[in-house]
Amino acid sequence: MNHPDVLERLRSVLGRGLITDPKALKPYETDGITAIREVPWLVALPDSEAQIEAVLAVCREHGVPVVARGAGTGLSGGARPVADGLVLGLSRLNQILEIDLENAVARVQPGVRNLAITEAAAAHGLYYAPDPSSQIACSIGGNVAENSGGVHCLKYGLTVHNVLGVKLLCIDGQVLQLGGKLMDSPGYDLLALTMGSEGMLGIVTEVTVKLLPTPPCKRVVLAAFSEIAGAADAVGAIIAEGLIPAGLEMMDGLAIQAAEDFVHAGYPTDAAAILICELDGVAAEVESDLALVSRILKAQGAFNIRVATTVEEQERLWLGRKAAFPAVGRISPDYYCMDGTIPRAKLAEVLASIGQLSEQYGLAVANVFHAGDGNLHPLILYDSNQAGQLAGAEEMGGRILELCVAAGGTVTGEHGVGVEKLDQMCVQFGSAELEQMHRLKAAFDPQGLLNPGKAVPTLTRCSELGGMHVHNARLPFPNLPRF
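Following the working numbering, the numbering of the sequence shown begins with 1110 at its first residue and continues without gaps.
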């Protein structure tokens, strides 16, 4: 694309905040899934809502696609640029606008780091609950785009459960205030619609999040199992007793070894799997729940149970889990991180099937996941320098997601669809659901300029796949935009 008028107008708006140099554009070619790359035409780095509005106006007038980008830690290609489009980087909008103690909320700009919200609220005995493993770097705007979760999502929910309001700037220049400091608003729940919308409906310029009181007491339990199935069954047994831990995470043997070698968390490397269970609340409740959880873990075959009571011990156990992704990066030239969700009762069955796929494709898999809510993160190890291994990893990843759907689950739990899971969306949804998603997209973005080609596959694509859930889909609405 070569529009001198566009460049001139954008420079007048952004000044040095417009990047055109090919070398400077290179860092924006990918998000956290580095196998998917595309160098953008331009990168815009606005530092105010007014600049964002001006950039969108230019792009709307000239038909320039816009891909919003936060910290670039996403894992589905959702922030992958379009070759003839503009990347709208929101990292400079990084101010915490308000900590409202009376309403226990924070108003922040989209570029604020997830962890920075808790750091700002900690002095008041409050914190922001969703805590993705990338929370030290990921931005709240990106969390909204992907509906991110984290290790404490079992008890405290995903982003959608912790955001009370957003300010959304539409492609036509309208500003929508969805929600606010109240727990609910009348009318359709457009606020929830923005969670996980992957920048396809509008640009989030402000977020109001719920702050929670810091629990007075915490205990973190590590349980080691000699069989993966025993750990998986223990998850269901804990929930069946009516307990909802703050976090309930699982790692298999390969992930345990990698994490232990990396951060020395004190994990038992002779275990086939470990569970990390965090209990929080008032002291009497925590101690009672701890006794019950310990009995359940022993009954399910745990051969080593350790309880961390001090803050330092607890942080050490969690450090291994949160560092699992970079730890696996130390033992393989490349890895492909998947993200699917299944019913808890299917954990052992699906993990066994993943093991069979690993043997079939000749690619090792390290399993690290939010066991309590069935959100799997298999890490498929491969070497992109070896012919066919990347293609094999991608194909195997698709089959894992199809396993999730067949088990009654879904193709994503918190990483979003992006471009990675478009084909598997055809497995999960029928033509009626996909048509409705396209109608919704068209209502917000009739030109299809915002993050085109992401999250929702065209019916044509699904039809061409053949044998998929919508292989007989027709296109009954010829005037409907095909993004």
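Note that beta-carbon positions come from the ideal geometry of N, C-alpha and C, so glycine has one too. Quick caveat: nothing in here was measured; it's all calculated off a predicted structure.
| request: Use the C-beta contact count for H1373: other C-beta atoms within 10 angstroms, 16 or more gives buried, fewer gives exposed. | output: Exposed.
| query | Taking the C-alpha atoms as reference points, what is the distance between L1426 and Y1376? | reply | 8 Å
| query | Alpha carbon to alpha carbon, how far is E1504 from L1456? | reply | 21 Å
| query | If you drop the 5 nearest sequence neighbours on each side, which residues of the same chain put their C-beta closer than 8 Å to that of S1294? | reply | L1287, G1288 and L1300
| message | Please state the DSSP three-state secondary structure of Q1286. | response | strand
| message | Check whether chain B comes within 8 Å of V1148, counting only Cβ atoms and requiring the distance to be less than that. | response | Absent here is chain B; the protein component of the structure consists of one chain.
| query | Do the CB positions of G1345 and E1255 come within less than 8 Å of each other? | reply | no
| Which runs of the beta strand (DSSP E) spanning at least 3 residues fall entirely within the segment 1127-1201, listed in chain order? | 1151-1153, 1175-1178 and 1195-1198
| query | Among residues of its own chain, excluding the 5 on either side of D1342, which ones have a beta-carbon nearer than 7 Å to its beta-carbon? | reply | Counting only Cβ-Cβ distances below 7 Å, and skipping sequence neighbours, we find Q1409 and A1457.
| field | Best match in I1365, V1196 and G1506 for proximity to R1439 [C-alpha to C-alpha] | value | I1365
| DSSP-derived helix/strand/coil call for H1486 | coil
| task | Note down the Cα distance separating G1181 from R1201, rounded to an integer number of angstroms. | result | G1181 and R1201 have their C-alpha atoms roughly 13 Å apart.
| field | P1585 to A1480 span [Cα, whole Å] | value | Because the pLDDT at P1585 is just 33, under 50, the model does not fix this residue reliably, and the point stays unresolved.
| message | Quick check on the burial criterion: 16 or more other C-beta atoms within 10 angstroms. Buried or exposed for M1534? | response | buried
| Among A1188, I1280 and A1502, which has the Cα closest to the Cα of G1250? | Taking only the C-alpha atoms, the option nearest G1250 is A1188.
| Can you give, in chain order, each stretch of the beta strand (DSSP E) that sits fully within the segment 1408-1481 and has at least 3 residues? | Taken in chain order, the unbroken stretches of beta strand (DSSP E) that lie wholly in the segment 1408-1481 and span 3 residues or more are 1413-1417, 1443-1446 and 1474-1478.
| said: Let's test the definition: count the other Cβ atoms within 10 Å of the Cβ of R1430 and tell me whether it reaches 16, buried, or not, exposed. | reply: buried
| request: Report the partner residues of S1248 according to the DSSP bridge assignment. | output: R1222
| field | Nearest residue (CA-CA) to Q1537, options R1118, I1205 and T1450 | value | Answer by Cα proximity: T1450.
| query | Taking just the CA atoms, how far does P1325 sit from V1528? | reply | Each residue's Cα considered, the two are about 42 Å apart.
| Between V1402 and the rest of its own chain, which residues show a CB-CB distance below 8 Å, the 5 nearest in sequence each way excluded? | V1330, I1347, L1352, P1354, C1386 and L1388
| Among V1318, P1155 and G1305, which has the Cα closest to the Cα of K1290? | V1318
| field | Beta-carbon separation (whole angstroms), I1312 vs L1165, contact threshold 8 Å | value | 7 Å
| task | Might you give, ordered along the chain, the residues of its own chain that have their beta carbon closer than 7 Å to the beta carbon of G1339, omitting 5 neighbours on each side? | result | Q1409 and G1410
| Secondary structure at P1585, three-state DSSP: helix, strand or coil? | Because the pLDDT of P1585 is 33, which lies under 50, any placement of that residue in the model is unreliable, and the number read from its coordinates should be weighed accordingly. Reduced to three states, the DSSP call for P1585 is coil.
| message | Taking a contact to mean a Cβ-Cβ separation below 8 Å, would you say A1238 touches L1310 in this structure? | response | No. Outside cutoff.
| Close Cβ partners of M1292 (< 8 Å) along its chain, the five nearest in sequence each way excluded | Excluding positions up to five away in sequence, the list reads L1273.
| Beta-carbon separation of C1168 and V1175 under 8 Å? | Here C1168 is near V1175, since their CB atoms are less than 8 Å apart.
| said: Between which two residues does the alpha helix (DSSP H) holding A1346 run? | reply: I1337 to A1349
| field | Environment of D1554 [buried if 16+ CB atoms lie within 10 Å] | value | buried
| Helix or strand or just coil, what does DSSP make of K1327? | strand
| Under the rule that 16 or more other beta-carbon atoms within 10 Å means buried, what is E1104, buried or exposed? | For the chain, the structure presents residues 1110 to 1592; residue 1104 sits outside this window and is missing.
| beta strand (DSSP E) segment containing L1278, residue limits | V1272 to L1278
| What is the residue span of the alpha helix (DSSP H) that G1506 lies within? | Start and end: Q1498 to A1515.
| query | Helix or strand or just coil, what does DSSP make of T1317? | reply | Three-state result, T1317: strand.
| message | Is it buried or exposed, G1575, if we count other Cβ atoms within 10 angstroms and call 16 or more buried? | response | exposed
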